[in-house]
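Trainee: This is the structure, below, for whatever I ask next.
Number of protein chains: 2
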Amino acid sequence: MPRPGNKRYHHGDLRAALIETAAELIAERGLRGFSLAEASRRLGVAVSAPYAHFEDRDDLLAAVAVRAFELIHAALVPPMDEFSEPADRLAAMARAYVRFAAGNRPMFEVLYVSGLDKSRHPEIEAAERPLNEAFEGCVRALADGDDDLAVEMAVAFEATARGHAMLMLDGEAAPDRSAVDVAAERAARATRALVESRSLLAIPSSRGVQK
Amino acid sequence: MPRPGNKRYHHGDLRAALIETAAELIAERGLRGFSLAEASRRLGVAVSAPYAHFEDRDDLLAAVAVRAFELIHAALVPPMDEFSEPADRLAAMARAYVRFAAGNRPMFEVLYVSGLDKSRHPEIEAAERPLNEAFEGCVRALADGDDDLAVEMAVAFEATARGHAMLMLDGEAAPDRSAVDVAAERAARATRALVESRSLLAIPSSRGVQK
DNA sequence: GTCTATATCCCGATAGAC
DNA sequence: GTCTATCGGGATATAGAC
């Protein structure tokens, strides 16, 4: 009953509280240190309570992933918008992407290292879309109307940012400021190099590898 | 006693058998489906037996990672050696790297997605070294004696291969042959683009960012 | 030095009462 | 929607047989 004296706060939105708490737990202890049981304990609810809101552990992780994409979007777009030239905008995004990975490692890992089956969680792809769109704007401006080339460039830029981020993260457990700076600049420079030689990214053979 | 009639094979090398079985299990069920208990069950030994040979689950995973680096080395060097031009060699490595990730996903994940703390398992870094050396040979040939540039190039190439591999892997659960071909060619082309614009990878400011 | 047997604790998940 | 109770499984530690 809703009598006063209950130890922890019950409220109308356990679902939201669980996402919040999961994010905190992952930030504190990493992905491996997170469990439904521990999150329940923090909120003062029974271990079975989360199952009223999430199918299983992965379903909660997927909700955290959706939030992670919102955070990453919020971290990338402002730096990008400081520039008007497409190449500058892409370089700024690459830099911001690497910085985000360094500063929000647990969230980054939820997205890419958690073993989530994204095909079973379409919400995640939906949450990724705004980011991709901001990003494809820059790419199209550099592709001179060649849509196939635009696709190739988009893949190459994303792979570059992600590759540099992961390389940095497994280089050292806790990258210090200068290591992050170096990695971010490397990603930005590689991005500019790809812009410069973008014609080499085009598919040489037949047309229409895919739509 | 070594009397006949024992159910499963006991032998003198439980350690090697565990590494073998762990690799099989991970290949069959993925990283998340692997446990020390299950590996023990397969070998017909007690769940506590592995602890005579490995400190814990991660310690066994680290041994598997060492083997994974041996496999990756064996998969990358022959394709590379089909060419003599450094740019061709690097492109061949990028292609082979992506193909390895597609064809040996579980091994690839043990290396980069298992959450292993590599600083606690120096054997892994040692196992990685031969690969890096083969690879740095190509890079130096393209750096015109500029050692700082060589470092930057090495990082950029590795990030490119890794980024394309990861992008492919989380694009689809089981990439079909043509998806793998496309990803491998993309990695090879991005590599050539970076070779072409490699001067942009150099650090513009002061000398000696690191040794 | 290698393995068995056992015991504890934590986690994920389900069933049924309120 | 939440709780209590419970099940099965895995990680880990220890004691002792060979």
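For the protein sequence lines, the chains are V and U, in the order given. Going by my numbering, the letters in the first sequence line up with residues 1 to 211, in that order. Going by my numbering, the letters in the second sequence line up with residues 1001 to 1211, in that order. Ideal placement from N, C-alpha and C gives every residue a C-beta, glycine not left out. In this text, all values refer to a predicted model and were calculated from it rather than measured experimentally.
#1: Output needed in chain order: residues of the segment 1080-1102 of chain U with a Cβ under 9 Å from some Cβ in chain V.
#2: Looking only at its own chain, which residues have a Cβ that is under 7 Å from the Cβ of U:ILE1072, when we skip the five neighbours before and after it?
#3: So what's V:HIS164 in DSSP terms, helix, strand or just coil?
#4: Against chain U, does V:ARG186 count as a neighbour if the rule is that its beta carbon must be under 8 Å from one of theirs?
#5: Counting contacts by CB-CB distance shorter than 8 Å, is V:ASP147 in contact with chain U?
#6: Does any C-beta atom of chain U lie closer than 8 Å to the C-beta of V:GLY33?
#7: Three-state secondary structure (DSSP) at U:VAL1047?
#8: Apply the 10 Å Cβ neighbour rule to V:GLY12 and answer buried if 16 or more other Cβ atoms are within range, or exposed otherwise.
#9: Output, in chain order, the set of chain U residues within a Cβ distance shorter than 8 Å of V:GLU158.
#10: Give a yes or no on whether 8 Å exceeds the smallest Cβ distance from U:VAL1139 to chain V.
#11: Starting from V:ARG15, trace the alpha helix (DSSP H) in both directions and tell me its first and last residue.
#12: Nearest CA to the CA of U:PRO1138: which residue from U:ALA1127, U:ARG1029, U:ALA1150 and U:GLU1128?
#13: Mind checking whether U:THR1191 and U:PHE1157 have CB atoms under 8 Å apart?
#14: Following the continuous alpha helix (DSSP H) through U:LEU1225, name the residue where it begins and the one where it ends.
#15: Residues of the segment 1187-1202 of chain U with a CB closer than 9 Å to any CB of chain V: list them in chain order, please.
#16: Could you tell me if V:ALA16 is buried or exposed, where buried requires 16 or more neighbouring beta carbons within 10 angstroms of its beta carbon?
#17: Can you check the segment 112-196 of chain V for any alpha helix (DSSP H) of at least 4 residues that lies completely inside it and give the ranges in chain order?
#18: Would the segment 1177-1188 of chain U and the segment 139-149 of chain V be scored as touching if the rule is three or more Cβ pairs under 8 Å?
#19: Does the count of Cβ pairs from the segment 1029-1036 of chain U and the segment 1106-1126 of chain U closer than 8 Å reach three?
#20: Are V:MET153 and V:LEU76 closer than 8 Å when you measure CB to CB?
Mentor: Put simply:
#1: none
#2: Here residue 1072 of chain U refers to the residue found at position 72 of the second sequence. Only PHE1100 and LEU1131 meet the Cβ criterion.
#3: Against the first sequence, residue 164 of chain V aligns to sequence position 164. Residue state, collapsed to three classes: helix.
#4: As a position in the first sequence, residue 186 of chain V is number 186, starting the count at 1. It does: the Cβ of V:ARG186 has a partner Cβ on chain U nearer than 8 Å.
#5: Taking the first residue of the first sequence as position 1, residue 147 of chain V is located at position 147. It does not; no Cβ of chain U falls within 8 Å.
#6: Start at 1 with the first residue of the first sequence, and residue 33 of chain V comes out as number 33. With 8 Å as the cut-off, V:GLY33 does not count as an interface residue toward chain U.
#7: Position 47 of the second sequence, counted from the first residue, corresponds to residue 1047 of chain U. Reduced to three states, the DSSP call for U:VAL1047 is coil.
#8: Here residue 12 of chain V is taken as the residue at index 12 of the first sequence, counted from 1. Looking at its Cβ environment, which holds fewer than 16 other Cβ atoms inside 10 Å, V:GLY12 is exposed.
#9: Your numbering for residue 158 of chain V matches position 158 in the first sequence. In chain order: GLY1163 and LEU1167.
#10: Within the second sequence, residue 1139 of chain U is the residue found at index 139, counting from 1. No, because no Cβ of chain V sits closer than 8 Å to the Cβ of U:VAL1139.
#11: To locate residue 15 of chain V, count along the first sequence from 1; it is residue 15. Looking at the DSSP string, the run of the alpha helix (DSSP H) that includes V:ARG15 is 14-29.
#12: Indexing the second sequence from 1 puts residue 1138 of chain U at position 138. Per the sequence presented here, residue 1138 of chain U reads as Cys, with Pro not at that position. Closest by alpha carbon: U:ALA1150.
#13: For the purposes of this step, residue 1191 of chain U is identified with residue 191 of the second sequence, where counting begins at 1. For the purposes of this step, residue 1157 of chain U is identified with residue 157 of the second sequence, where counting begins at 1. Between U:THR1191 and U:PHE1157, the C-beta spacing is below 8 Å.
#14: Residue 1225 of chain U is absent from the model: chain U starts at 1001 and stops at 1211.
#15: ALA1187, ARG1189, ALA1190, ARG1192, ALA1193, LEU1194, VAL1195, GLU1196, SER1197, ARG1198, SER1199, LEU1200, LEU1201 and ALA1202
#16: Here residue 16 of chain V refers to the residue found at position 16 of the first sequence. Result: exposed.
#17: 122-142, 147-171 and 177-196
#18: no
#19: yes
#20: Numbered from 1 along the first sequence, position 153 holds the residue referred to as residue 153 of chain V. Numbered from 1 along the first sequence, position 76 holds the residue referred to as residue 76 of chain V. At a Cβ-Cβ threshold of 8 Å, V:MET153 and V:LEU76 do not count as neighbours.
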